[in-house]
Each structure stands twice: as structure tokens, then as C-alpha cells.
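Residue numbers (full-length UniProt numbering), protein chains in the order written: chain A, 1 to 69; chain B, 1 to 69; chain C, 1 to 69; chain D, 1 to 69; chain E, 1 to 69; chain F, 1 to 69. Beta carbons are placed, not taken as given, at the ideal position from N, Cα and C, and that holds for glycine.
Protein chains: 6
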Amino acid sequence: MKLSARNLIPGKVKDVTVGLVNAEVVIEVAPGVEIVSVITKNSVDRMEIKPGDEVRAMVKATSVMVVKD
Amino acid sequence: MKLSARNLIPGKVKDVTVGLVNAEVVIEVAPGVEIVSVITKNSVDRMEIKPGDEVRAMVKATSVMVVKD
Amino acid sequence: MKLSARNLIPGKVKDVTVGLVNAEVVIEVAPGVEIVSVITKNSVDRMEIKPGDEVRAMVKATSVMVVKD
Amino acid sequence: MKLSARNLIPGKVKDVTVGLVNAEVVIEVAPGVEIVSVITKNSVDRMEIKPGDEVRAMVKATSVMVVKD
Amino acid sequence: MKLSARNLIPGKVKDVTVGLVNAEVVIEVAPGVEIVSVITKNSVDRMEIKPGDEVRAMVKATSVMVVKD
Amino acid sequence: MKLSARNLIPGKVKDVTVGLVNAEVVIEVAPGVEIVSVITKNSVDRMEIKPGDEVRAMVKATSVMVVKD
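Below you can see the structure in the form of C-alpha cells.
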């Protein structure tokens with residue numbers, strides 16, 4: 001399966017907070033570096049996402065902004 | 001300045017491809033790990049983004065999906 | 001700090017509704033003109049966003065559509 | 001026609017830059033306040049968007065971030 | 001009213017799940033084919049979206065990724 | 001491979017327009033019903049997307065708005 005999304009960053013699920021519609025998934029991608037994702041509760045349930053899971057954070061290139069200090 | 005965007009990943013600009021309206025910015029965030037961003041050409045010009053720049057890739061949590069193999 | 005996001009519209013927080021994962025922030029940008037933002041509850045807590053705060057609504061240009069009547 | 005998008009900001013098209021796939025539309029929403037949109041060239045052609053047009057910038061609430069100085 | 005959003009897919013609301021801030025709307029666009037939308041609870045209330053409604057799912061072209069198996 | 005994105009709509013590539021940075025991919029999902037995607041030129045090249053390909057259009061639920069006439 002090939003995905004057009006340019007960004008696929010591997011990491012480990014650290015925390016999952018579930019709401020009524022959405023859920024927040026915290027993924028540790030490097031020691032001390034986390035990526036936070038908000039997806040539907042339905043996807044968390046369907047994919048059985050839980051702390052410790054090896055996953056990849058996927059981001060479309062158009063969703064990435066740049067900050068320069 | 002505080003930003004609501006949850007994801008701010010530091011890296012170094014590796015490559016910039018400029019089109020008529022948009023531009024693609026490749027940011028190396030770890031050895032061999034790249035994040036690709038598409039922003040407007042205007043922002044690349046205004047921020048003078050070029051290879052070697054220290055920047056941060058910024059992503060809203062809602063734009064992050066999860067892939068589980 | 002320079003941001004690639006092209007749209008930064010100043011306003012005053014009028015209302016905050018907090019859910020379990022997300023929160024809705026209503027920003028008055030001109031008399032009678034409001035911009036509504038949905039961000040994570042975590043960001044509202046971390047940034048201590050509350051009615052009366054002077055903030056800016058930030059939007060990436062690719063997220064803006066055009067309607068012509 | 002009712003739209004779920006929460007943000008519909010009226011303004012006047014000030015500038016249109018057309019690329020091969022996308023186009024950038026600058027909308028003046030108040031004196032000195034502009035909102036920039038990137039849509040497809042196809043939409044600019046189909047809607048005949050040109051400087052001087054009265055339009056509305058439409059943004060889904062989830063695409064709005066908050067900046068607090 | 002002309003919309004720059006390139007994707008407008010007609011369907012019938014099948015299910016609505018309401019949270020504190022967001023709501024999930026399931027739209028059946030063809031027999032057995034559903035499109036899921038997450039919008040604010042406020043929009044569901046304001047538009048009185050309920051099962052059986054004829055609606056259209058609207059998606060900006062930049063939000064569509066491609067998967068090739 | 002499990003994807004959190006809720007919307008995966010099968011179709012056939014009908015047309016590809018390539019720019020300097022982005023490309024527009026038109027996918028026919030039903031007779032007369034098209035979904036338009038804008039992804040990077042790089043992804044079109046890497047995935048060798050061309051007319052006739054069987055693909056799926058992928059959309060995160062948060063990117064779907066609702067229109068009610």
C-alpha cells in the first residue's frame with residue numbers, strides 16, 4: 001500500500017485520552033520528543049490503539065507549517 | 001509567544017523547491033528522518049528560508065493521523 | 001519568531017467551551033465579527049486562554065476556501 | 001444553503017496569483033487586514049475570481065489555531 | 001452561491017454522535033459507502049442535522065490524499 | 001496496515017495535472033462523480049499515479065464539512 005502523505009514518523013504510543021467523539025493520542029517519536037494526534041474515538045477503538053503500541057504519525061505535507069526563530 | 005499548535009519539531013532545512021504559488025521545504029529532523037512541508041512561495045521569500053536554516057516544523061494535532069501496521 | 005502561516009488576525013477571546021479532548025474558542029476580531037477555533041483542551045489549559053484575552057487567530061492559507069455569492 | 005464551516009468572513013479580492021495547479025487569492029477583509037487563500041487554479045477559473053470581487057473567506061473551525069503573545 | 005471547495009458529494013445522514021464540543025456525522029453516499037465528518041456540535045445544532053437529512057459532504061481538494069494498493 | 005483516516009473511497013484516476021510543486025489528481029468514484037485531490041508532484045512521481053489507476057481517495061473526518069440545502 002502506497003500513501004501520498006509525505007510524512008510518516010515512527011514512534012510509540014505513550015498516552016491516549018478518549019472523549020465522546022474525539023481522542024488524543026500522544027506518540028513518542030524520540031526520547032523527549034512527542035507528536036500529538038487528535039483522531040476520532042471510533043478510530044482508537046477500531047485500531048485498538050493503546051499505550052506501548054508501535055505506530056506511525058502520518059501528516060500531509062500541506063498541513064506542515066514552518067517556524068523560524 | 002505561545003502557540004496552540006501541539007507539534008513543533010526542530011530540524012534543519014535540507015532542500016527548498018519553489019513553484020509559482022507554493023514551495024516545498026524538506027526539513028531533516030533526525031539523521032535520515034525528514035519532514036516535508038508545503039507552504040506558499042511568499043512565506044519562503046518573506047522568511048528567507050534556505051538550506052541550512054534551523055527551523056521548526058509546526059503541525060496542528062488535528063492534522064495528524066495514526067497508522068498501525 | 002517568524003511563522004509561515006499567512007493569516008494572523010488579532011482579536012479578543014469572547015467565549016471558551018471545554019470538552020474532554022477539544023475546546024472551542026470564540027474570538028471577536030471586529031465588532032460583530034467572530035472567528036471560531038477548535039483546539040485541544042490541553043492547549044487551552046497550557047496557554048490559560050480565557051475570555052478577555054488578546055490573541056490572534058492563525059490560519060494556514062491552504063485552509064482558507066472562497067465563497068462567491 | 002447552510003454550511004457547517006463556522007467562519008465566513010466577507011471581504012474584497014485584492015490580488016490573484018495563478019500557478020499551474022494552485023492559485024493564491026488575497027482578500028481584504030478590513031482596511032489593512034488581509035486573508036490569504038490558496039485554492040486550485042480550476043476554482044479560480046470556474047468562479048471567475050478577480051480583483052474587486054466581493055467574496056467570503058471560509059474556514060473550518062478546526063483549521064484555526066490560537067496565538068497568545 | 002459558488003464554493004471553491006472542489007468536492008461536494010451528496011448523501012443522506014445516517015447517524016449523528018454529539019460530544020461536548022464536536023459531533024460526528026455519518027453520511028451514506030452510496031449503498032454501503034459512508035463518509036464520516038467531524039464538525040462542531042454548534043453546527044449540528046444550528047443546521048439541525050439529523051438522520052435522514054439530505055446533505056452534501058464538502059472537502060477541499062488539498063485535504064484529499066491518495067492511496068494506491 | 002490500519003489507518004485512522006475514516007474515509008477511504010475507491011475510484012479510478014481520470015486525470016493528472018502536474019505543476020512545479022503540487023499536482024491535481026481527479027478520481028472518478030462513481031459514474032459522473034469525481035473527487036479531486038491536490039498532492040505533491042513528488043508523490044505523483046513516487047507512486048507513479050496515472051490515468052486508469054485504481055486508487056482510493058483518503059480523507060480525515062475532521063476535513064469533511066457538511067452542506068445542507
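Spatial distance of ILE27 (chain C) from VAL36 (chain C) (CA atoms): For this step, residue 27 (chain C) is matched to residue 27 along the third sequence. For this step, residue 36 (chain C) is matched to residue 36 along the third sequence. Their Cα atoms are separated by approximately 6 Å.
Sheet register partners of ASN7 (chain A) (DSSP bridge): Working through the first sequence from its first residue, we reach residue 7 (chain A) at position 7. According to DSSP, which records beta bridges pairwise, ASN7 (chain A) is partnered with A:VAL59.
Reference GLU24 (chain E), options A:VAL16, A:ALA57, A:LEU8 and A:ILE39, closest by Cα: Sequence index remark: in the fifth sequence, residue 24 (chain E) carries index 24 (1-based). The option with the nearest alpha carbon to GLU24 (chain E) is A:ILE39.
Inter-stretch contact at 8 Å, needing at least 3 Cβ pairs: the stretch 3-13 of chain D / the stretch 9-19 of chain E: no
Three-state secondary structure (DSSP) of ASP69 (chain A): Position 69 of the first sequence, counted from the first residue, corresponds to residue 69 (chain A). Here ASP69 (chain A) sits in coil by DSSP.
CB contact below 8 Å: MET65 (chain E) versus chain A: Taking the fifth sequence and counting its residues from 1, one reaches residue 65 (chain E) at position 65. Closer than 8 Å to some Cβ of chain A, the Cβ of MET65 (chain E) qualifies, so yes.
C-alpha distance - THR41 (chain C) paired with VAL64 (chain D), whole-angstrom precision: Position 41 of the third sequence, counted from the first residue, corresponds to residue 41 (chain C). Position 64 of the fourth sequence, counted from the first residue, corresponds to residue 64 (chain D). A quick correction: the sequence has Lys, not Thr, at residue 41 (chain C). Going by the C-alpha atoms only, they are around 14 Å apart.
Contact list for LYS2 (chain C) against chain A, beta-carbon separation under 9 Å: Taking the third sequence and counting its residues from 1, one reaches residue 2 (chain C) at position 2. Chain A residues near LYS2 (chain C): VAL66, VAL67, LYS68 and ASP69.
Per-residue contacts from THR62 (chain B) into chain F (C-beta, under 7 Å): Position 62 of the second sequence holds residue 62 (chain B). Neighbours of THR62 (chain B) on chain F, chain order: THR62.
Residue of E:VAL66, E:MET47, E:LYS68 and E:VAL29 minimising C-alpha distance to ASP69 (chain F): To locate residue 69 (chain F), count along the sixth sequence from 1; it is residue 69. Comparing Cα positions, the closest option is E:MET47.
Contacts around LYS60 (chain D), its chain only, beta-carbon distance under 6 Å, and the 5 residues preceding and following it disregarded: On the fourth sequence, residue 60 (chain D) is found 60 positions in, with the first residue counted as 1. These residues qualify, in order along the chain: ALA5.
Top-ranked residue by Cα proximity to VAL66 (chain E), from F:THR62, F:ASP53, F:VAL66 and F:VAL67: As a working note, residue 66 (chain E) is residue 66 in the fifth sequence. Residue F:ASP53 is the option with its Cα nearest to VAL66 (chain E).
Straight-line Cα distance separating VAL21 (chain B) from ASN22 (chain D): Working through the fourth sequence from its first residue, we reach residue 22 (chain D) at position 22. Working through the second sequence from its first residue, we reach residue 21 (chain B) at position 21. When rounded, the distance between both Cα atoms is 7 Å.
Cα-Cα separation between VAL44 (chain D) and ILE49 (chain A), rounded to whole angstroms: The residue given as residue 44 (chain D) occupies position 44 in the fourth sequence. The residue given as residue 49 (chain A) occupies position 49 in the first sequence. Their Cα atoms are separated by approximately 42 Å.
C-alpha gap between LEU8 (chain F) and VAL29 (chain B), whole angstroms: In the sixth sequence, the residue the question calls residue 8 (chain F) occupies position 8. In the second sequence, the residue the question calls residue 29 (chain B) occupies position 29. Using only the alpha carbons, I get a separation of about 30 Å.
Beta-carbon proximity list for VAL18 (chain F), same chain, < 7 Å, skipping 5 on both sides: Here residue 18 (chain F) is taken as the residue at index 18 of the sixth sequence, counted from 1. If you ignore the 5 residues before and after VAL18 (chain F), its C-beta comes within less than 7 Å of the C-beta of LYS41 and VAL44, all in its own chain and listed in chain order.
Below-8 Å beta-carbon distance, ALA57 (chain E) vs any chain C residue: On the fifth sequence, position 57 is the one that residue 57 (chain E) refers to. It does not: the Cβ of ALA57 (chain E) has no partner Cβ on chain C nearer than 8 Å.
Interface partners of ARG46 (chain F) on chain E, CB under 7 Å: As a position in the sixth sequence, residue 46 (chain F) is number 46, starting the count at 1. What ARG46 (chain F) touches in chain E: nothing, since even the nearest Cβ is about 10 Å away.
First through last residue of the beta strand (DSSP E) which encompasses VAL29 (chain C): The residue you call residue 29 (chain C) lines up with position 29 of the third sequence. Where VAL29 (chain C) is concerned, the enclosing beta strand (DSSP E) stretches over 22-30.
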